[in-house]
Amino acid sequence: MTKAEVITKISDKTGIQKDDVTQAIEAFFKVVKDSMAEGDNIYVRGFGSFINKKRAKKIARNISKNTAIVIDEHYIPAFKPSKVFIEKIKNSKKIKQLAPQD
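384 is the number of the first residue of the sequence shown in the working numbering; add one for each residue after it.
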């Protein structure tokens, strides 16, 4: 599902015009990005957390030149779903239908 499809679905379910939904979603994404860039995490109860995950310093290998590269310690954005969200997905009948059968 794309962002445009999400906007359309929210607009249809709430009756709010697409332009207003688009502005709200864009504002939400901007707040999340700006807050995380400042080192803050975002916690949405019942949905999940947008967190900065720390990656340790490591040595990687450039296989084309056969040289070692040092990758410094850094942070990456990550999403951790809440227990409620995880349970909803686990119990989804539609997901179970899509899962490959053994």
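Don't be surprised by glycine CBs; every beta carbon is placed ideally from N, CA and C. Note that the structure is predicted; figures quoted are calculated from it, not measured.
Under 8 Å, do residue i and residue j count as touching if we go by C-beta distance?
i       : j       : result
Lys-414 : Phe-433 : Residue identity differs from the one stated: residue 414 is Val in this sequence, not Lys. The answer is no: Cβ separation not under 8 Å.
Gly-431 : Ser-394 : no
Lys-436 : Ile-459 : yes
Arg-438 : Glu-421 : no
Ile-469 : Ile-478 : no
Using the Cβ count rule (16 or more neighbours within 10 Å means buried), how would you classify residue i?
i       : result
Ile-390 : buried
Val-453 : exposed
Val-404 : buried
If residue i sits next to residue j, beta carbons under 8 Å apart, how far is it from one beta carbon to the other, in whole angstroms?
i       : j       : result
Ile-408 : Ser-418 : With 8 Å as the limit, Ile-408 and Ser-418 do not qualify as a contact, their Cβ atoms being about 16 Å apart.
Is there at least one Cβ from chain C nearer than 8 Å to residue i's Cβ?
i       : result
Asp-402 : Although the question refers to chain C, the structure presented lacks it and comprises just one protein chain.
Return the chain-ordered ranges of every beta strand (DSSP E) run that is complete within the region 410-479 and spans a minimum of 3 residues.
-> 425-427, 431-438, 441-445, 450-454, 457-464
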